[in-house]
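Chains as they are written, first to last, in this note's numbering: chain D, 1 to 348; chain P, 1001 to 1348. Here is the structure we will look at.
2 protein chains.
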Amino acid sequence: MSKSYTIAVAGATGAVGTKIVELLEGANLPITKVKALASKRSVGKTIPFKNTEIIVEELTADAFSGVDIAIFSAGGSLSEKFAPEAVKHGAVVIDNTSHFRMDENVPLVVPEVNPESLREHQGIIANPNCSTIQMMVALEPIRQAFGLEKIIVSTYQAVSGSGARGIAELENQVKEYIDGTPLKELTAEILPAGGDKKHYPIAFNALPQIDVFGEDGYTLEEWKMMNETKKIMSDDSIKVAATCVRIPVVSGHSESIYIEVEKETSVKELQELLAQAPGVVLQDDPSQQLYPQAINSIDDKATFVGRIRRDLDNPKGFHLWVVSDNLLKGAAWNSIQIAEKMHELELL
Amino acid sequence: MSKSYTIAVAGATGAVGTKIVELLEGANLPITKVKALASKRSVGKTIPFKNTEIIVEELTADAFSGVDIAIFSAGGSLSEKFAPEAVKHGAVVIDNTSHFRMDENVPLVVPEVNPESLREHQGIIANPNCSTIQMMVALEPIRQAFGLEKIIVSTYQAVSGSGARGIAELENQVKEYIDGTPLKELTAEILPAGGDKKHYPIAFNALPQIDVFGEDGYTLEEWKMMNETKKIMSDDSIKVAATCVRIPVVSGHSESIYIEVEKETSVKELQELLAQAPGVVLQDDPSQQLYPQAINSIDDKATFVGRIRRDLDNPKGFHLWVVSDNLLKGAAWNSIQIAEKMHELELL
Chain D
1 MSKSYTIAVA GATGAVGTKI VELLEGANLP ITKVKALASK RSVGKTIPFK NTEIIVEELT
61 ADAFSGVDIA IFSAGGSLSE KFAPEAVKHG AVVIDNTSHF RMDENVPLVV PEVNPESLRE
121 HQGIIANPNC STIQMMVALE PIRQAFGLEK IIVSTYQAVS GSGARGIAEL ENQVKEYIDG
181 TPLKELTAEI LPAGGDKKHY PIAFNALPQI DVFGEDGYTL EEWKMMNETK KIMSDDSIKV
241 AATCVRIPVV SGHSESIYIE VEKETSVKEL QELLAQAPGV VLQDDPSQQL YPQAINSIDD
301 KATFVGRIRR DLDNPKGFHL WVVSDNLLKG AAWNSIQIAE KMHELELL
Chain P
1001 MSKSYTIAVA GATGAVGTKI VELLEGANLP ITKVKALASK RSVGKTIPFK NTEIIVEELT
1061 ADAFSGVDIA IFSAGGSLSE KFAPEAVKHG AVVIDNTSHF RMDENVPLVV PEVNPESLRE
1121 HQGIIANPNC STIQMMVALE PIRQAFGLEK IIVSTYQAVS GSGARGIAEL ENQVKEYIDG
1181 TPLKELTAEI LPAGGDKKHY PIAFNALPQI DVFGEDGYTL EEWKMMNETK KIMSDDSIKV
1241 AATCVRIPVV SGHSESIYIE VEKETSVKEL QELLAQAPGV VLQDDPSQQL YPQAINSIDD
1301 KATFVGRIRR DLDNPKGFHL WVVSDNLLKG AAWNSIQIAE KMHELELL
């Protein structure tokens, strides 16, 4: 059997969509054609792909005619509207938004962690949240080897997680500051959450709000990390608590993670395990000041892990520092990996 | 009895020293004279104080002649050398460096938390580390009311903690970036730790290293938070784990803190308690997107607390977000408060 796919990218002109098209060039997938879909105002723009240029078409239901794989990264409401249309047209949907993630009929997949869930798909597969994905890549090998009882994570998230407009907002604020504008008066129109009422400067600040607040005082971003973790690891008994914070970094999410494992282990064993783990690059040598850094993660597909150390009060407690490019492994690259894995498992 | 003090500020031209002289203007202390001491190269500079100007003198042993209170903020090695000299000359020393903090003959004091420790002083009183102080102000009222078993803290620390040169380094890197220098090539000569071998850009980055590494994989900054907490709270049984991270913020340290208390309580009770607590300003209303922010803490003496929420797995577990100006409550203001409290307790 020789298959080759027509792949549509919905939201092809956005921060993540652009990366998806770029990464498809090197993907381990036979590709006949890539269709770039976006809103009306982007129609006619061109996007380079291999030795040619793709002309952006409007995102409509009919645009999915003849499409085998549709990768969505155009916002939750557009996924809600068009993903079922793409499925009706015979495509398999890989959705980057949060819209379908907790739907019990939709597998939520990190290919290094739960590839077998793909077999249960009914047309739509969800890509987890960026901050969840890198944590899963780092912790799943530990869970498999030593069990995992508890996770407490505090994040240091980049503005690119809120799209190209978030990056522009940070860069503009930095320029305003250099030109003499006081910190509290920097122009803020997007962050901390595009859809929320108030906006605060992110330059030279730390904002403990990503996405909107729920009634229990947790933000939606925190809720995602906690609930997606349980779904991806297929274990509702894992205790997970998240505090999600935006900081003035362009790209690359960092996470300070505390875990409690079930079986005794050591820092050395964890380092050896993670050095071999799929998708992980271990950077952990305090004597050389070697640890993961956001700026070094940019444009790299790996999840970087370092600063592994034992808790001084709990022999089964460990601390880690986990960093990854939120636009790649946190979004675009994970989507491509899902498509590759489905091809490999002959699910397409 | 009517007392009035001659106060020396050692390191008067530094980031913290400057703030100390500023704050002495409004201090609740009868002051006869302020002496500004610094290294030879600053001698002759003037510092405004009330309606006059103080001329900077050289930091020598003899400079402490006639001094009642000597506030040190000139680095650990200068405190080591000159603090005992100041004591010999009859001064009480309030030291901002880490040099004497764990000395069992030296009280380590946050005036809102353990003022009575001042009575045991033998000439030198230590000011705790900036990141420890704000955590103590927020957690001591909780410890007193409900007991405190465990603390897990991840910090988001500003560059001003590394002095005026740290601020200049961040600002220069930001300018380089705006002018087109790639992130990995920004000029780094100070951070993450002035005395360490390698230096990394802090602009648009998060560095999980503050101060040098110890053999157990924890940094000295983390070690300080863990050990100073136990000393200040006079309780070696409290479990404390810290991950200390520098982020591109000019001033204002933020902390994501998880605690486990001994007695049952609620978010509402904790909010009511902290709203009344000395030195604390509660900013906790998710419905109004109200929470502490680094840029709002600058030049304020308070410790701001918000985002208080119950852990979803442990009814005695709570999460908080704590922010304070590291140069004020984290350093200069706490020193002044120590002097005021010693005056109040008639220990001078």
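Using N, Cα and C, we set each Cβ at its ideal position, and we do this for glycine too.
Contacts that residue i makes with chain D (C-beta to C-beta distance below 9 Å)
i: P/M1226; result: L312
i: P/P1128; result: Ordered by position in chain D, no residue passes the 9 Å Cβ test against P/P1128, which lies about 19 Å from the chain.
Assigned exposure category for residue i - 16 Cβ within 10 Å defines buried
i: P/I1069; result: buried
i: P/N1051; result: exposed
i: D/G75; result: buried
i: P/E1112; result: buried
i: P/L1347; result: exposed
i: P/K1003; result: exposed
i: D/M1; result: Reliability of the predicted coordinates at D/M1 is poor, the pLDDT of 47 falling under 50, and no value is obtained from them.
i: P/M1187; result: This sequence places Thr at residue 1187 of chain P; Met is not what is there. By the 10 Å Cβ count, P/T1187 comes out exposed.
i: P/R1041; result: exposed
i: D/K150; result: buried
i: P/P1201; result: buried
i: P/R1310; result: buried
i: P/I1178; result: exposed
i: D/D299; result: exposed
i: D/P30; result: exposed
i: D/L37; result: buried
i: D/N28; result: exposed
i: P/G1017; result: buried
i: D/P128; result: buried
i: P/F1211; result: The sequence as given places Asp at residue 1211 of chain P; Phe does not occur at that position. By the neighbour-count rule (16 or more Cβ atoms within 10 Å), P/D1211 is buried.
Residues that residue i contacts on chain D, provided the C-beta gap is smaller than 7 Å
i: P/R1309; result: D216, G217 and Y218
i: P/N994; result: As shown, chain P starts at 1001 and ends at 1348. That puts residue 994 of chain P outside it, with no answer to give.
i: P/Q1209; result: Q289 and Y291
i: P/S1254; result: A206
Residue i beta carbon near the ligand MG (any heavy atom closer than 7 Å)
i: P/V1322; result: Ligands in the displayed structure: none, and consequently the ligand MG is not present.
Neighbouring residues, chain P, relative to residue i (Cβ below 7 Å)
i: D/K239; result: D1313
i: D/H319; result: A1241 and T1243
i: D/K198; result: Q1289
i: D/P286; result: F1213 and G1217
Contact list for residue i against chain D, beta-carbon separation under 8 Å
i: P/V1174; result: V174, Y177 and I178
i: P/V1267; result: G217
Listed by chain order, chain P residues near residue i by CB distance under 8 Å
i: D/K301; result: The contacting residues do not exist; D/K301 stays about 17 Å from chain P at best.
i: D/L183; result: V1250, I1295 and I1298
i: D/I152; result: I1152 and Y1258
i: D/P201; result: I1295
Residue i and residue j closer than 8 Å at C-beta
i: P/V1250; j: P/A1158; result: yes
i: P/G1306; j: P/Y1291; result: yes
i: P/F1204; j: D/P107; result: no
i: D/A8; j: D/F64; result: yes
i: D/N353; j: D/G252; result: For residue 353 of chain D there is no data in the structure shown, the boundaries of chain D being 1 and 348.
i: P/T1046; j: P/T1006; result: no
i: P/F1072; j: P/N1096; result: yes
i: P/A1241; j: P/T1155; result: no
i: P/I1152; j: D/Y258; result: yes
i: P/S1079; j: D/V245; result: no
i: P/T1349; j: P/M1135; result: No information on residue 1349 of chain P is available, as it lies outside the stretch 1001 to 1348 that chain P covers here.
i: D/A193; j: D/F82; result: no
Residues that DSSP places opposite residue i in a beta bridge
i: D/Y258; result: D/I152 and D/H319
i: P/K1239; result: P/K1150
i: D/E53; result: D/P48
i: P/H1253; result: P/S1324
i: D/L282; result: D/V305
i: D/L207; result: D/R246
i: D/E58; result: D/A38
i: D/Y5; result: D/I31
i: P/L1312; result: P/L1312 is not bridged to any residue.
Cβ of residue i within 8 Å of any chain A Cβ
i: P/F1213; result: Going by chain labels, chain A is absent from the structure shown, which instead holds the protein chains D and P.
Chain P contact residues for residue i, given Cβ-Cβ distances below 9 Å
i: D/Y5; result: Neighbours of D/Y5 on chain P: none; closest Cβ ~35 Å, over 9 Å.
Inter-stretch contact at 8 Å, needing at least 3 Cβ pairs: the stretch 90-105 of chain D / the stretch 43-58 of chain D: no
Inter-stretch contact (C-beta, 8 Å, three-pair minimum) for the stretch 124-144 of chain D and the stretch 1134-1150 of chain P: no
Stretch pair the stretch 180-200 of chain D + the stretch 1285-1303 of chain P: three plus CB contacts closer than 8 Å: yes
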